[in-house]
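Engineer: Those letters in the sequence shown? Residues 868 to 1001, per my numbering, in order.
The structure follows.
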Amino acid sequence: MTGADAVVTRLGSGGPWEAVYGYSRVVRAGALAWTAGCTSTVDGRVAHVGDAAAQTAQALRIGLAALAEVGAEPADVVRTRLYVTDRIHCDEVGRAHQVVFGAVRPAATMLVVAGLVDPDLLVEVELEAYLGDR
868 MTGADAVVTR
878 LGSGGPWEAV
888 YGYSRVVRAG
898 ALAWTAGCTS
908 TVDGRVAHVG
918 DAAAQTAQAL
928 RIGLAALAEV
938 GAEPADVVRT
948 RLYVTDRIHC
958 DEVGRAHQVV
968 FGAVRPAATM
978 LVVAGLVDPD
988 LLVEVELEAY
998 LGDR
């Protein structure tokens, strides 16, 4: 399935901003899948306030769960983006990423940003996956 023949699947998670801001948690188009930015928001509240490593782990779990909904596995992840609100968190965020993706080694970008939608959020992640012929 390629080009115009590709089926596009869009799924939401019921997160607090999806309907308000008009986006999907995950989109799959043919062999490719992308998550929206994933944070450590659980049941509408920020989890792990003040702990960048735990927020990263939670955000990655949320992103991987979304990718699983469209048939992707952690080994299918080919690119990640990590948005961090302060340089002092980069090492712990990077180490949390390594715990999940060390063997996979996707292309990765880490950016320091001015802030996220909730001031208690320290990190946001995006995941991209390639599923081949599945």
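Think of the CB as a built atom: it goes at the ideal place given N, C-alpha and C, for glycine as much as any other residue.
(1) If we require 3 or more residues per run, which beta strand (DSSP E) segments fall completely within the segment 875-963?
(2) Which residues share a DSSP beta bridge with Ala975?
(3) From Val951 to Pro941, what does the alpha carbon distance come to, in whole angstroms?
(4) Can you tell me whether Gln922 is buried or exposed, with buried defined as 16 or more other CB within 10 angstroms of its CB?
(5) Tell me, to the nearest whole angstrom, how far the beta carbon of Ala873 is from that of Ala900; I am working on the premise that it is less than 8 Å.
Structural biologist: With the given structure in hand:
(1) 875-878, 893-896, 899-902 and 944-951
(2) Thr947
(3) 22 Å
(4) buried
(5) At roughly 12 Å, the Cβ-Cβ gap does not stay under 8 Å, so Ala873 and Ala900 are not in contact.
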